[in-house]
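**Q** Mapping to the working numbering: the sequence shown position 297 is 1591, numbers consecutive.
All C-beta atoms, glycine included, are put in the ideal place defined by N, C-alpha and C.
Input: one structure, supplied below.
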Amino acid sequence: MTLTTLPKPATRDKVATTGTMKALVYRGPGKKALEDRPKPDITAPTDAIVKITKTTICGTDLHILKGDVPTCQPGRILGHEGVGVIDKIGPAVTAFKPGDRVLISCISACGKCVYCRKLMYSHCTTGGWILGNKIDGTQAEFVRIPYADTSLYPIPDGADEEALVMLSDILPTGFECGVLNGKVQPGSTVAIVGAGPIGLAALLTAQFYSPAEIIMIDLDDNRLAVAKRFGATAGVNSADGKAVETVMKMTDKRGVDTAIEAVGIPATFELCEKLVAPGGTIANIGVHGTKVDLHLENLWDRNITITTRLVDTVTIPMLFKTVGSHKIDPKLLITHRFKLDHILDAYETFGHAANTKALKVIIEA
Ligand SMILES: NC(=O)c1ccc[n+]([C@@H]2O[C@H](COP(=O)([O-])OP(=O)(O)OC[C@H]3O[C@@H](n4cnc5c(N)ncnc54)[C@H](O)[C@@H]3O)[C@@H](O)[C@H]2O)c1
Ligand SMILES: [Zn+2]
Ligand SMILES: [Zn+2]
């Protein structure tokens, strides 16, 4: 059943929302504005309206602002991460009620289509990554969440909301696309190329499996220093073009069992092709906008696996438990905090990470 064939909610008039709210709106390549927008309304029985308490900015929002994401059209409210409180529910929502505190997944899942039944929520035929892309997102005072029962997660009393904002997108992305797909094992050797929030999320969650070595590779010494604090066994600045040589020295000329690509450019994927040991896995996380060379002439006899994935966020419940039991502390990734009124300053800070040393910025609505 698709959205268009769903019956109209009987209580539609009762749930109509009035008034305006502040929202960060994409106005075309290079342009954004903090605007007054109408508060969202329930449009399908499975919707919920969530009052945002905390949200954040993702590297993907910067991609949108560069004009790299054609599905996101001018006029769209950005943001696909956040926590909040249920304001209203549609008549078919059974798992939540107004007043419940919830974590928003960056992926909306109907729970019923062929991909959702395979737990590939990212490919949900009527959902997937739509928030802050094809429908209005979370960088606002209120957001409409479709398929609320299967796209929201309850926040237990006493949980730290700021830490949980990291579970909307970056923690599951690093874990699912990098660590799980990369088959990180006890005693294994891992290289993570890219020490941005996603690479660092892979670094935090790789440690669930006790690999012997985690080598972090980046061009930014500050981010490499952060990575060391987060548990990397080595940091390699690849600006000198000698990363392969350095990693080979560190690994007895074998290379690494898992090479995680967390940048999204040809040079870093090709670096992973050179770093992977026989029998190893290249786990791609980066969003690639241009073609990348696959060097099968070097790889054909090396028994390697290459994986790709769009985050499904199926591991949110598991990650919730690891945060609750202090196995990982995603709050480490938060460097700056802003009020929603100052979200343009938050974008400035996040967009100039090399100077501001920003990782994740929290925006309080
Ligand atoms: N697959 C998914 O579902 C998914 C989900 C979210 C994000 N992503 C993607 O993951 C990637 C990483 O996201 P992020 O938010 O951490 O990005 P980011 O831009 O904050 O971090 C990238 C890091 O790579 C480093 N870098 C750049 N060029 C490099 C080079 N030549 N060699 C080594 N390091 C280099 C930068 O210094 C930076 O620290 C992006 O491509 C993003 O779009 C994928
Ligand atoms: Zn994101
Ligand atoms: Zn689905």
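Could you pull out every residue in the same chain whose Cβ sits closer than 7 Å to the Cβ of LYS1522, ignoring the five residues on either side in sequence?
**A** Shown here for LYS1522: same chain residues with a beta carbon closer than 7 Å to its own, the five before and five after excluded, namely GLY1529 in chain order.
**Q** Helix, strand or coil, according to DSSP, for SER1238 in the structure here?
**A** Because the chain here runs from 1295 to 1659, residue 1238 falls outside it and cannot be looked at.
**Q** If I measure Cβ to Cβ from GLY1361 and keep anything under 7 Å in the same chain, skipping five residues before and after, which residues do I get?
**A** PRO1323
**Q** Spatial neighbours of CYS1410 within its chain, please: C-beta separation below 6 Å, excluding the five flanking residues on both sides.
**A** ALA1403, CYS1404 and CYS1418
**Q** Would a C-beta distance cut-off of 8 Å place ASN1516 and LYS1651 closer than the cut-off?
**A** Yes, they are a contact pair.
**Q** Just the C-alpha distance for GLY1490 and VAL1557, rounded to the nearest angstrom, thanks.
**A** 8 Å
**Q** Just curious, the alpha helix (DSSP H) that GLU1564 is in, first and last residue?
**A** 1560-1569
**Q** At a cut-off of 7 Å, is CYS1410 close to ligand 3 when judged by its beta-carbon and the heavy atoms of the ligand?
**A** Yes.
**Q** Just list the beta strand (DSSP E) runs in the stretch 1369-1444, keeping only unbroken ones of 3 residues or longer that don't cross its boundaries, in chain order.
**A** 1376-1383, 1395-1398 and 1436-1439
**Q** Ignoring anything shorter than 4 residues or poking outside the stretch 1516-1589, list the alpha helix (DSSP H) runs there in chain order.
**A** 1537-1544 and 1560-1569
**Q** Is it a yes or a no for the stretch 1635-1645 touching the stretch 1465-1472, going by three-plus beta-carbon pairs under 8 Å?
**A** no
**Q** Does the distance between the C-beta of CYS1418 and the nearest non-hydrogen atom of ligand 1 fall short of 7 Å?
**A** Not so, every heavy atom of ligand 1 lies at least 7 Å from the Cβ.
**Q** Should ALA1403 be listed as close to ligand 4, given that the test is whether its C-beta is under 7 Å from any heavy atom?
**A** Ligands in the displayed structure: ligand 1, ligand 2 and ligand 3; ligand 4 is not one of them.
**Q** Judging by CA-CA distance, which residue of PRO1334, LYS1326, LYS1348 and ASN1531 is the nearest neighbour of ALA1313?
**A** The amino acid at residue 1313 is misidentified as Ala; the sequence shows Gly. Out of PRO1334, LYS1326, LYS1348 and ASN1531, the CA that lies nearest to the CA of GLY1313 is found in PRO1334.
**Q** Should GLN1433 be labelled buried (16 or more other beta-carbon atoms within 10 Å of its own) or exposed?
**A** buried
**Q** Taking just the CA atoms, how far does ALA1327 sit from LYS1477?
**A** 42 Å
**Q** Beta-carbon separation of TYR1320 and PRO1368 under 8 Å?
**A** yes
**Q** Hey, is ASP1463 close to ligand 2, as in C-beta under 7 Å from one of its heavy atoms?
**A** yes
**Q** Measuring from the CB of ILE1358, is there a heavy atom of ligand 1 at a distance below 7 Å?
**A** no
**Q** Provide the residue span of the alpha helix (DSSP H) that contains PRO1491, from first to last.
**A** 1491-1500
**Q** Which of helix, strand or coil does DSSP assign to LYS1593?
**A** The residue asked about is misnamed: residue 1593 is Leu in this sequence, not Lys. LEU1593: helix per DSSP, three-state reduction.
**Q** Give the C-beta separation of GLY1447 and ILE1610 to the nearest angstrom, bearing in mind that I take them to be a contact with Cβ-Cβ under 8 Å.
**A** Checking the sequence, you will find Tyr at residue 1447 rather than Gly. Contact flag correct, Cβ pair sits at about 6 Å.
**Q** For the putative contact between PRO1510 and ILE1486, defined by C-beta atoms under 8 Å, what is the C-beta separation to the nearest angstrom?
**A** It is Met, not Pro, that sits at residue 1510 in the sequence shown. 5 Å between Cβ atoms; contact.
**Q** Can you list, in chain order, the residues of its chain whose CB lies under 6 Å from that of THR1545, leaving out five sequence neighbours each side?
**A** THR1483
**Q** Does at least one heavy atom of ligand 1 sit under 7 Å from the Cβ of ARG1523?
**A** It does not: the Cβ of ARG1523 is nowhere closer than 7 Å to a heavy atom of ligand 1.
**Q** Taking Cβ to Cβ, would you say ILE1343 is nearer than 8 Å to LYS1316?
**A** no
**Q** Around the Cβ of LEU1588, are there at least 16 other Cβ atoms within 10 angstroms (buried) or fewer (exposed)?
**A** The residue is exposed, with fewer than 16 neighbouring Cβ atoms inside 10 Å.
**Q** Helix, strand or coil: how does DSSP classify LEU1318 here?
**A** strand
**Q** Grab me the residues of LEU1626's own chain with a C-beta within less than 7 Å of its C-beta, minus the 5 sequence neighbours each way, in chain order.
**A** Closer than 7 Å at Cβ, skipping near neighbours: PHE1524.
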